[in-house]
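Okay, structure first, notes after.
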Amino acid sequence: FSVSLKALSITTKKANEILLFDNVITNKGNGYIASNGTFVCPKEGAYLIAFGILNRRAKFIHLNLIINGYVAIRAYTHGNNEWESAEKVTICSLNKGDQVYIEVLEQGSKIYGEHYSSFAATYIDDL
Numbered sequence: 001f002s003v004s005l006k007a008l009s010i011t012t013k014k015a016n017e018i019l020l021f022d023n024v025i026t027n028k029g030n031g032y033i034a035s036n037g038t039f040v041c042p043k044e045g046a047y048l049i050a051f052g053i054l055n056r057r058a059k060f061i062h063l064n065l066i067i068n069g070y071v072a073i074r075a076y077t078h079g080n081n082e083w084e085s086a087e088k089v090t091i092c093s094l095n096k097g098d099q100v101y102i103e104v105l106e107q108g109s110k111i112y113g114e115h116y117s118s119f120a121a122t123y124i125d126d127l
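Letter by letter, the sequence shown follows residues 1 to 127 of UniProt numbering.
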């Protein structure tokens, strides 16, 4: 799947909020659920997972890639007076039904959209 944030920007309403991407580019296997921002793994295997966000003149932003409720990797932007981005790419072994999403740790984090912020995963091999 591949999704992006189409809206101009979003501001998180609570701590540990799941980031909802409102533009579905592709969703082969129908694993990404746009209504709750979660990828539900349709097939066991190794997956390449990537995400990135854009931040400008805002406070810092901490992001977690969550798999089944546990932190897999983290990303951070400082939020100074310039444009900043945070991107991460990883390869994970997933089982069918595993749940994967991006979590924003702080309430009030402003994340820019216009397709600069995105989340994607693709199946690469059997386990």
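Yeah, the Cβ is synthetic: ideal placement off N, Cα and C, and Gly gets one too.
Of the residues A120, V89, A72, G79, the one placed nearest K110, counting alpha carbons only
G79
DSSP on S109, reduced to helix/strand/coil?
coil
Are the region 80-95 and the region 13-23 touching by the rule of at least three beta carbon pairs closer than 8 Å?
no
N27 and F1: beta carbons closer than 7 Å?
yes
Length at least 3, wholly inside the UniProt domain "C1q" (1-127): the beta strand (DSSP E) runs in chain order
2-4, 9-11, 23-26, 38-40, 45-56, 61-67, 70-77, 83-94, 99-104, 110-112, 118-125
For L63 versus A75, is the C-beta spacing smaller than 7 Å?
yes
Going by CA-CA distance only, name the one from G108, Q107, E106, I102 that's closest to F119.
I102
Below 8 Å on the Cβ atoms is my contact criterion, and I expect I91 with L48 to pass it. Report the Cβ-Cβ distance as a whole number of Å.
5 Å
Return the Cβ separation of G113 and K14 in integer angstroms, given the expectation that the two are a contact with Cβ distance under 8 Å.
That pair is no contact at about 19 Å.
Sorted by chain position, which residues of the same chain lie with C-beta nearer than 8 Å to G108's C-beta, five sequence neighbours on each side aside?
T11, T12, K59
Between the C-alpha atoms of F39 and T122, what's the straight-line distance to the nearest angstrom?
11 Å
Spatial neighbours of I66 within its chain, please: C-beta separation below 6 Å, excluding the five flanking residues on both sides.
Y101, E103
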